[in-house]
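Visitor:
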Amino acid sequence: MGFQVLPGHQDLPARPPHLGHAANPDPLAHLVPRAHPDSTDCDDVYKAGHTTSGVNTIKPDATGASFRVYCEMEAGAGGWTVLQKRFDGSVDFANDWETYKNGFGDLSGEFWLGNDKIYQISNEKVYLLRIDLENWSCETVYAEYDRFYIEDEAAKYRLHVGAYSGTAGDGGYGLSWHDGRRFSTHDQDNDDWGANCATVWGGRGGWWYRYCDRASLNQPYKHGGGGDYTHGIEWAAWSAHQYSIKASVMKIRPAP
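Following the numbering used here, the numbering of the sequence shown begins with 371 at its first residue and continues without gaps.
(1) Taking only runs that begin and end inside the region 546-586, name each unbroken alpha helix (DSSP H) of 4 or more residues, in chain order.
(2) Use the C-beta contact count for A418: other C-beta atoms within 10 angstroms, 16 or more gives buried, fewer gives exposed.
(3) Reducing DSSP to helix, strand and coil, say where Q490 ends up.
(4) What does a CB cutoff of less than 7 Å around T548 pick up in its chain, not counting 5 residues either side in sequence?
(5) Just to confirm, are N588 and G576 a CB contact at a threshold of 8 Å?
(6) Measure the beta-carbon distance from S492 to F518 and round it to whole angstroms, keeping in mind my assumption that it falls under 8 Å.
(7) Does the beta-carbon distance from S609 to K592 come in below 8 Å?
(8) Do S618 and I501 come within 8 Å of each other at the CB atom, strictly closer than that value?
(9) Give the list of continuous beta strand (DSSP E) stretches no shorter than 3 residues that lie fully inside the region 418-444.
(10) Counting only the same chain and skipping the five closest in sequence on each side, list residues whose C-beta sits under 6 Å from that of T421.
(11) Is the Cβ-Cβ distance between G484 and K471 less than 8 Å?
(12) Whole angstroms are fine: how far does the CA of W605 sit from the CA of R404?
(13) When you compare the CB positions of A625 and D540, do they come within less than 8 Å of one another, or not?
(14) Based on DSSP bridge pairs, tell me the residues matched to D502.
(15) Should V425 and R438 be called a contact, given that it needs their Cβ atoms to be closer than 8 Å?
(16) Rounding to the nearest angstrom, what Cα-Cα distance links N505 and T433 in this structure?
(17) Where do the ends of the alpha helix (DSSP H) carrying W657 lie?
(18) Based on Cα-Cα distance, which residue from G449, A447 and F481 lies nearest to V461?
(19) Are P430 and D458 close, meaning C-beta to C-beta below 8 Å?
(20) Using DSSP bridges, identify the partner residues of Q360.
(21) Can you tell which of G448, D516 and D408 has its C-alpha closest to the C-alpha of V531?
(22) Label C508 either buried or exposed according to how many other C-beta atoms from any shown protein chain fall within 10 Å of its C-beta, with 16 as the threshold for buried.
(23) From G564 to G448, what does the alpha carbon distance come to, in whole angstroms?
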């Protein structure tokens, strides 16, 4: 069971995650990855001849530390570095600033890679962001943005995305609506609203809230898609307002 991969995208079945909240700066240290010290991302790993999806160690910044990522390899096209994955609600995304900074979950299951790591990777090259979504009727769509990066912690991990293409829809109701926004969590309010979006509407999930959300993938997981006062996993351009999407994957690779 898990995310239904879109045509042309290879993935491995995810085993059930066993971590919830992160208790240390490297909550993914129990994994035994393939080490690629000269690779800055999963596309480098793919080009080095390692074409099977799985956990790898990369080092985006030559002066920084290496860390683990999940690589989704697409035959003939390259490697995607996965930033986020959700498909069964087994990992709690209602976490604080420090936990979102460091990352949490299980790289072979549900996880958030970590804002510091996303910053390090996304500022090394020009990246394309792809988001795969699945609803409770097993319908799948995708959104691509031809540029993606976030700023550092001092800038509150401000989001930048480029032009949209895909089948999920945007039109101001996808991630482009959140472009230029700072990251917020329930204990650090950086949105454009008078109150804290993460607390009032986001079910304590961290995101680049505006006032508040139209596309937010870290909000509460709601089996069956039902909505209530707090939104679930939302992509308003595709799903009904407050309808919680079943599965999401955020991943990047160098832009063509």
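Beta carbons are placed, not taken as given, at the ideal position from N, Cα and C, and that holds for glycine.
These numbers were taken from a predicted model, which means no experiment stands behind them.
Guide: Straight from the coordinates:
(1) The region 546-586 contains these whole alpha helix (DSSP H) runs: 567-570.
(2) Exposed: under 16 other Cβ atoms inside 10 Å.
(3) Looking at Q490 - three-state DSSP - the assignment turns out to be helix.
(4) What sits at residue 548 in the sequence shown is His, not Thr. Excluding sequence neighbours, H548 sits near L529, W578, R580 and A585.
(5) Yes, they are a contact pair.
(6) 6 Å
(7) no
(8) In contact: I501 and S618 (Cβ atoms closer than 8 Å).
(9) 424-428 and 437-444
(10) M443
(11) yes
(12) 34 Å
(13) no
(14) Y512 and V619
(15) yes
(16) 41 Å
(17) For the chain, the structure presents residues 371 to 626; residue 657 sits outside this window and is missing.
(18) F481
(19) no
(20) A question about residue 360 goes unanswered here, because the residues of the chain that appear run from 371 up to 626.
(21) D516
(22) exposed
(23) 43 Å
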